[in-house]
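If you're matching them up, the sequences are chains A and B in order. At position 81 of the first sequence the residue is numbered 81 (UniProt numbering), and the sequence of numbers has no breaks. At position 795 of the second sequence the residue is numbered 795 (UniProt numbering), and the sequence of numbers has no breaks. Here a beta-carbon is modelled for each residue, glycine too, at the ideal position from N, C-alpha and C. None of the values given here were measured: they were computed from a predicted structure.
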Amino acid sequence: MNLKKKYNIIGICIILLCCVGFTAVIKPFVQEVTVLEKPKTSFVAGKEVVLDFRLSKKVTTRLFIHSSFGSTLLMSSTGRFILPTSISEKKGIISYTLFLGTKKLAKGEIIIEPNLKTPLQLESYVGPPSIIAGGKDYTMQVVIAKDGYDNPLPDSTAIWLKHQFLNIEKEETVLSKDMIGWQNRFSYDQSGRLLLSSQVNAKISKEFSVEVFPSLPEDFEINSIRKHNYADGNQIVELMTSVLKDQYGNIISDGTWVTYNVIDAKGALLKTQGSTVNGVAVAKILHPDHKDTWKIKAYVPGIAESNTITIAFEPVIEDYPIEFRMQNREIVVGPLSSFMNQLIPNGALVEVKIINENHQIETLTKSTFEGKAKFVLKKEFYPSGIYDIHIKALGVHKEFKQLPLE
Amino acid sequence: MDKFTNKYLISALLIGIVFHGTSIFFTLESTYDALIHLFFGNHYANDWFESWNYSWYTGFTVLGYPPLVHQSIGLLSYIGGLKFGLFSVAIIAVILFITGVYRFALVLTSNRVVAGYAAIFAVFSSSFIETLHIFGQLPSVVGISILLHALPEIYLWVKIGKYRYLWNSLSLIAVTVTSHHVTPIFGMVFFIFPLLGMVIMDASKEKVGSYQQVRLRIFLKTFLSSFKRIITFGIGSLVLIIFCILPYWINTKNNPITQVPIPHGSRDNFLEVTSSGLVFFLIPWGILLLLFPYIWYRFFSKRYLFFGLSITLLTVLGSGGTTPIPRMLLGENAFNILTLDRFTLWASIMALPILGEFTYRFVEGDIKEKNIKKYGAVYHRVLGGLFAGGVLFMIIFTMSLGYFRPLQPQKIKMLPILNFLKQDQHDHWRYLPLGFGDQMAWLSSQTNAMTVDGNYHSARRLPELTTRAVERLENSKYRGIEGIGSLQQFLTVPEKYNLKYVFSNDKFYDPILFFCGWQRLRQLENGIMVWEKLNVPPLSNILPKDDVPTFQKMMWGIIPVLTVLLAFIINIQFIWIHALKSKQVGFPAYFKFKSYYTGLTNTVYTTSYLWAILMIILFGIGSYRIYIKNAAQINPDNAIKAYYDALDMKRYKAAHSYLDPKSNKTLDQYMLEVAVTDGLLSSYAKLDDMSVETISRSDSTARIKIYTQWVTPLEKIDKTFYHELVKRNRKWFIQPLAYDLDIPPDQLFATNKTFFYNHGRRRITSEQTYHEDVLKQPVLEVLSAKIIQNQDQYSIVGELQNVDNVPADVTITGVLYNNNDDQLASYNVKHQIKHKLIPKEITSFKIDFENIAWLNNEEAKPKIFDPDQFTPIHFDENPVTFNLQCVGNVATVDLFKGLVINELNIEGEQVNGVLFNSGLQEATIPQLLVSYYNKDKALIWMDHSFLSQGIRPQRKQYFTYTLADISKVKNINDTMDNILVNGLPNALISKKLVPNRKEDYAATQLIPIQGKGFHYIKIEVNAYVGNP
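1. Against chain B, does GLU305 (chain A) count as a neighbour if the rule is that its beta carbon must be under 8 Å from one of theirs?
2. Got a sec: which bits of the stretch 346-372 of chain A sit with their beta carbon under 8 Å from any beta carbon on chain B, in order along the chain?
3. Thinking SER445 (chain B) and ASN42 (chain B) are a contact (beta carbons under 8 Å), I'd like their distance in whole angstroms, please.
4. If you draw a straight line from the alpha carbon of HIS37 (chain B) to that of PHE84 (chain B), how long is it in whole angstroms?
5. Taking only runs that begin and end inside the stretch 59-91 of chain A, name each unbroken alpha helix (DSSP H) of 4 or more residues, in chain order.
6. So, helix, strand or coil for LEU75 (chain B), using DSSP?
7. Checking contacts by CB at 8 Å: is LYS937 (chain B) closer than that to chain A?
8. Which ranges does the alpha helix (DSSP H) cover as unbroken runs of at least 4 residues, wholly within the stretch 144-228 of chain B, from first to last along the chain?
9. Which of the three DSSP states, helix, strand or coil, is assigned to ASN272 (chain B)?
10. Kindly list, in the order they appear in chain B, the residues whose Cβ is closer than 7 Å to that of GLU109 (chain A).
11. In whole angstroms, what is the alpha-carbon distance linking HIS397 (chain A) and HIS390 (chain A)?
12. What is the DSSP secondary structure of GLN342 (chain A), counted as helix, strand or coil?
13. Could you list which residues in chain A have their beta carbon closer than 9 Å to that of PHE916 (chain B), in chain order?
14. Please classify GLU369 (chain B): does DSSP put it in a helix, a strand, or coil?
15. Please classify GLU781 (chain B) as buried or exposed, where buried requires at least 16 other C-beta atoms within 10 Å of its C-beta.
16. Provide the residue(s) that pair with THR34 (chain A) in DSSP beta bridges, ordered along the chain.
17. For ARG522 (chain B), does the three-state DSSP call read helix, strand or coil?
18. When DSSP labels each residue in this structure, what does VAL806 (chain B) get in the three-state scheme?
19. Alpha carbon to alpha carbon, what distance is there between VAL59 (chain A) and THR78 (chain A)?
20. Figure out for me which residue from B:LEU681, B:LYS727, B:LYS998 has the closest Cα to the Cα of GLU715 (chain B).
21. With DSSP as the reference, label GLN633 (chain B) as helix, strand or coil.
22. Checking contacts by CB at 8 Å: is GLU380 (chain A) closer than that to chain B?
23. Determine the direct distance from the alpha carbon of PHE420 (chain B) to that of MET440 (chain B), and round the result to whole angstroms.
24. So, helix, strand or coil for GLY888 (chain B), using DSSP?
25. Show which residues of chain A have a CB atom less than 7 Å away from the CB atom of HIS457 (chain B).
26. For ILE82 (chain A) versus VAL50 (chain A), is the C-beta distance shorter than 8 Å?
27. Against chain A, which members of the stretch 753-785 of chain B pass a CB distance test of less than 8 Å?
28. Start and end of the beta strand (DSSP E) containing GLN927 (chain B)?
29. Check whether the Cβ atoms of VAL285 (chain A) and VAL900 (chain B) sit closer than 8 Å, and answer yes or no.
30. Please specify which runs of the alpha helix (DSSP H), each continuous and at least 4 residues long, are wholly inside the stretch 588-617 of chain B, giving them in chain order.
31. Identify, in the order they occur along the chain, each residue of the same chain with its Cβ nearer than 7 Å to the Cβ of LEU837 (chain B), setting aside the five sequence neighbours on each side.
32. Roughly how many angstroms lie between the CA atoms of VAL18 (chain B) and VAL177 (chain B), to the nearest whole one?
33. Enumerate in chain order the residues of its own chain whose CB-to-CB distance from residue 1035 (chain B) is below 6 Å, with the five nearest sequence positions on each side excluded.
34. Within 8 Å of any Cβ in chain B, is that where the Cβ of LEU269 (chain A) sits?
35. Just the chain B side, please: which residues come within less than 9 Å of THR261 (chain A) by C-beta, in chain order?
36. Check each candidate in A:SER68, A:LYS206, A:THR61 and name the one with the smallest Cα separation from GLU772 (chain B).
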């Protein structure tokens, strides 16, 4: 108990001691201090910015400064404040307030001007990097002339904007406003490469390039190239556009999509496509394997279209032999011959439909090998009976009715 | 205690360290789990007290797994790197295990020779070999080993009651807890309870003189007298289990595992799934299978009675889904979460002392005498030889399992990937490895870059993953619909996860990457293909994390290592005395209860023989049945199945051997035919199922129809093939199918084509890309777009044109809103679009609003794989308005546009046609995009179809497409006010770029058809080029 009491007393003493001590320190003192002379208000970036306050008494004061880059608090016992370089190197308005304790002694603003004596710097931007020919689309060139401390030069600084396109080389002057000088550079009618640069006094910028793409293609013509006119299902037709150009005569961009609609004699819509190289889009399509007439028209979707051409394919064959062997269980179609009476190239499709009592059992397909296709109807799978057989190859259709299979 | 060193134990340790210590260098890295533990070790090595790991799953907490083993790897990695840490810990685990088994056997049998034999068998235990060398479960092994070390101390505490033993045992329990959480909890039940039973039995015996006289009353009385000690130990271990890994329990409570059960082989019916039976029953039991009667006979002797109950329970639980008992015992929930292989592991470890005892009796005890007396010495030696042979066979078989049936893809050289991730700020995005197996953890350990995937599925948080029974995205092809479905969601909306790079080690995934709009960047020198997605923003500098209080982090970082130190200090005396025999000490208390091995009853002797013979017969029958099932040419069905299996495994030589030898199809010709076929079916499909139907059959011929189901990354393909078979020389052979005889017209031909190249950065600098190196985004124009409702599914369909002068890669995000402009759903276009458009090219597109499949647990999951199937989002309110954000980026690759529609016939609902490849590259997977229009020629629906075979240049391919029934399709909204292209309004672009659009163009592309709900269709073609 005693011990506890003792501790309590000691504790209370310590607290009392603290209270007295602190009260003594915190005790306010009133001093009348006035600012006799305020500092000058204009400075140049990068030079030392010294704010001199002449005070009526020598006391320690604090200066709160605020610029667009941030705020800070400086302390001085002489009334002389040196701004840190992070603030003094930046152009702009700086506001300050001088404090004695919590009391405001003075308030004001200073202006820091860009330093024209330092070497000039240029910051330049160009975009977008690609535009379309024809004078409607443009790219924007923006130039910011700056002093050595990255401060934009004052408005109305003269900026030369230069560009080169084909054999045009031009130079214009704009005056900077709101820190930047800029211009919209509209495209010319031709496609090509636009090079841009700028200059302020002796300082020159790097080179910027802007791609001027051709405008939309105009309508065009198409034609076809064939090895022969026969419907052999093997050779390839090449379809080709004329050189696609825009309304200003520029050859349209490489890789432009051209789609060809091919409408066959039955009205089915076949499709092929190509992409342009030097304005010409080539598409390929296989010859049909039967007599046909194609109407072909090409499009750049929604933008341009071609004339319609018609190409006809003659049949390679009017008829072909069919041989039934082994009590009709082996059917040999062919030899299929082509227009010069040569064997048709391997791979012509032969289709055999097997029909029993008006009910189609199966469709067998085979491609020809050395002009022939052989079908074997095994007894295990096709029991003896009467069958109808339909054979189709190269657009020629043949029917054999009531064929007995042993 | 005997002052002679136990030479059996020393041999076991030496052999164990040499055998396991050298072989881990060839096995451990390709085990299932070792690299995961390595990854965790790396985590602790990098930041010991951090509980959050950003590398996997968009961040996860490591508090979900007791850290001791991982932290040990981390600590040792400071000496010699991560792998050094891993191997060192593995070797320590081996030592702990062998000594643990020795001590366990000693307490059980009180015979140092028997315990020595048990230690030798511990080295060669097939379940231990499997757990270490195939599964790589280090924490589990360490946990059980330490628990075994604790058992003698627990015995002595309960028997003698000296506090020293209590501290010893509790300190060891603490180490067990911090190395593996499941081991002490179940170990309590399966090891410690029976041990306590044995102690009480021993104490009772002391009272009454022999085990025979111990009755229930005496047993209970003894139990009550020891109750205080038991309860002290019980409470002590409970406190340790809770306290030592307190952050784990807090984490478990706060983040309950939401992961749906992931199938595990140990839960299979081992009789049905024989591979699981092999791995989870036959191998772990190994040679013990032959000794079942002896093991049970011994364990059901009175002293070991409780161990008998325990091993019985363990055996039953370890049998997985073979019987319904484990499911009933554990309950549905625990059954689906626990991997049951651990029960078999524990059972087999529990049986080791008995195996040791048997060997002792067989080698130098009464069984030997009996054998010699009954059948002679030669017989005994032969029997011994056979037994040893069986043990060796099991060891070699288990060790080589990983060699003959690789569990993992070939070892991947990680350096090129690491270099790629380091270069050019590639690690500012997430990446996804595909086809890496468990090596993905090794990759993650070495890079700062993060992945959306991961290899510790309990820690997952993204609902896209937790709702799927998918182990990893990386191997999703083995997980059917759920796997591919998960993967597709990540690949379709990669922006959501800042996922920009995919490392593909399995070309199976390439098509899905392509059709989701990804493009190949380049192949690294280790053969890994890097895919990238344009228009994905980089990760923010500050990523979200679930922080935990500092005290938890401190506990997690300090306690585990502290438990080891404490255990070491507390047990050092024991180690010192026992290992170095520095002091003569008395035998421990349990040595009083030594069994004397005499008089094995004839019943047991005979039963054991019969059982072993039965086992061998069963083994023989099993092998024979497997042979018959696989004997390929016994009947037509087998021949066909074998043929397709061979095709699926790409064993073409074997496939050719099933072809009719009289068909003149030489192997060369066959290989050539195979070499020229490519496409979805032959290059990107896995055979999932097949069923065979015999159409007709005679003695020597048969006609067979085979239905095959193939899993591809894009869709399920059902294909029916017809084959004719002939019987020659009592073997069935397949008649080869006809192959494409078509001859292209040109031997050599030339085509002009525009290629593009984008420098990326033109300056070699680590700064941000200079603004003049950034290309303008290609301008796209949306020609039409609308919300369409088809039954309960909402979609946005539309058409879009690249109106710029450069090729564009297109990403479209659609957002649906309700009446109050509240967002209902947002999704990207997946594969119903041409993602790459050359200048002025048009594509139709459809965005399906896909939900995370089966978010609702009650929904029935389909049993069969169907990657094409998807779960439409269920809307509580009806979508009324929509917006579209289309983004174009300059594309320079995958601009193949060579497919031509060369023939077209429409018969009813069938569109038949011929595609012709006019380009210079093989179109590996051609895709048809079919748009449906109403009678006003307005787009109302879109559909797609993949062709299963590729088309080589100048070749053609027949296709058939069945038109859809869209009579229920409803147009909800077609106002195009809220469509943005590269952030600018679409209307503005329309006006500026193509002011005088020829509106009649669209109609020229349409094919009139009277269909169900539509009047016209349009067909567009797109193709994936596998080898550009």
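Working from what's here:
1. Residue 305 (chain A) sits at position 305 when you count from the first residue of the first sequence. For GLU305 (chain A), the answer is yes, since a Cβ of chain B falls inside 8 Å of its Cβ.
2. ASN346, GLY347, LYS366, SER367, THR368, PHE369
3. What you label residue 445 (chain B) is simply residue 445 of the second sequence in a count that begins at 1. What you label residue 42 (chain B) is simply residue 42 of the second sequence in a count that begins at 1. So it is a contact: roughly 4 Å between Cβ atoms.
4. Counting from one through the second sequence, the residue named residue 37 (chain B) turns up at place 37. Counting from one through the second sequence, the residue named residue 84 (chain B) turns up at place 84. HIS37 (chain B) and PHE84 (chain B): Cα-Cα distance of roughly 13 Å.
5. 85-88
6. Against the second sequence, residue 75 (chain B) aligns to sequence position 75. LEU75 (chain B) falls in the helix class under three-state DSSP.
7. For the purposes of this step, residue 937 (chain B) is identified with residue 937 of the second sequence, where counting begins at 1. Not one chain A Cβ lies under 8 Å of LYS937 (chain B).
8. 163-179, 182-187, 193-208
9. To locate residue 272 (chain B), count along the second sequence from 1; it is residue 272. In the sequence under discussion, the amino acid at residue 272 (chain B) is Glu, which differs from the Asn named in the question. GLU272 (chain B): coil per DSSP, three-state reduction.
10. Residue mapping note: residue 109 (chain A) aligns to position 109 of the first sequence, counting from 1. Within chain B, no residue comes near GLU109 (chain A); the closest Cβ sits about 36 Å away, beyond 7 Å.
11. Taking the first residue of the first sequence as position 1, residue 397 (chain A) is located at position 397. Taking the first residue of the first sequence as position 1, residue 390 (chain A) is located at position 390. Near 7 Å, if we compare the C-alpha coordinates of HIS390 (chain A) and HIS397 (chain A).
12. Taking the first residue of the first sequence as position 1, residue 342 (chain A) is located at position 342. Reduced to three states, the DSSP call for GLN342 (chain A) is coil.
13. As a working note, residue 916 (chain B) is residue 916 in the second sequence. Under the 9 Å cutoff, chain A gives ILE236, THR272, LYS284, ILE285, LEU286.
14. By one-based count along the second sequence, residue 369 (chain B) stands at place 369. In this structure, GLU369 (chain B) counts as helix in the three-state DSSP scheme.
15. The residue labelled residue 781 (chain B) in the question sits at position 781 within the second sequence. GLU781 (chain B) comes out buried.
16. Translated into positions along the first sequence, residue 34 (chain A) becomes position 34. THR34 (chain A) is not bridged to any residue.
17. For the purposes of this step, residue 522 (chain B) is taken as residue 522 along the second sequence, with counting starting at 1. Three-state DSSP puts ARG522 (chain B) in a strand.
18. Taking the first residue of the second sequence as 1, we reach residue 806 (chain B) at position 806. The answer is coil: DSSP assigns VAL806 (chain B) none of H, G, I, E or B.
19. Taking the first sequence and counting its residues from 1, the one referred to as residue 78 (chain A) is at position 78. Taking the first sequence and counting its residues from 1, the one referred to as residue 59 (chain A) is at position 59. Cα-Cα distance, rounded: 7 Å.
20. Here the question's residue 715 (chain B) lines up with position 715 in the second sequence. Cα-wise, what sits closest to GLU715 (chain B) is B:LEU681.
21. For this step, residue 633 (chain B) is matched to residue 633 along the second sequence. Correct three-state label for GLN633 (chain B): coil.
22. Mapped onto the first sequence, residue 380 (chain A) falls at position 380. So, interface residue.
23. Residue numbering aside, residue 440 (chain B) sits at position 440 when the second sequence is read from its first letter. Residue numbering aside, residue 420 (chain B) sits at position 420 when the second sequence is read from its first letter. So the alpha carbons of these two residues sit roughly 15 Å apart.
24. The residue given as residue 888 (chain B) occupies position 888 in the second sequence. Three-state DSSP puts GLY888 (chain B) in a strand.
25. Here residue 457 (chain B) corresponds to residue number 457 of the second sequence, with the count starting at 1. Neighbours of HIS457 (chain B) on chain A: none; closest Cβ ~46 Å, over 7 Å.
26. Taking the first residue of the first sequence as position 1, residue 82 (chain A) is located at position 82. Taking the first residue of the first sequence as position 1, residue 50 (chain A) is located at position 50. Contact: yes.
27. LYS753, THR754, PHE756, HIS771, GLU772, VAL774, LEU775, LYS776, LEU783
28. To locate residue 927 (chain B), count along the second sequence from 1; it is residue 927. Residues 925-933.
29. Taking the first residue of the first sequence as 1, we reach residue 285 (chain A) at position 285. Taking the first residue of the second sequence as 1, we reach residue 900 (chain B) at position 900. For the sequence presented, residue 285 (chain A) should be read as Ile rather than Val. Closer than 8 Å, so yes.
30. none
31. The residue given as residue 837 (chain B) occupies position 837 in the second sequence. Around LEU837 (chain B): ASN802, PRO807, ALA808, VAL810, THR843.
32. As a working mapping, residue 18 (chain B) is identified with position 18 in the second sequence. As a working mapping, residue 177 (chain B) is identified with position 177 in the second sequence. Using only the alpha carbons, I get a separation of about 29 Å.
33. Nothing about residue 1035 (chain B) can be read from this structure; chain B reaches only from 1 to 1028.
34. Working through the first sequence from its first residue, we reach residue 269 (chain A) at position 269. Interface residue, yes.
35. Within the first sequence, numbered from 1, the residue matching residue 261 (chain A) stands at position 261. At residue 261 (chain A) the sequence reads Asn, which differs from the Thr that was named. Correct list: THR1004, GLN1005.
36. As a working note, residue 772 (chain B) is residue 772 in the second sequence. Residue A:LYS206 is the option with its Cα nearest to GLU772 (chain B).
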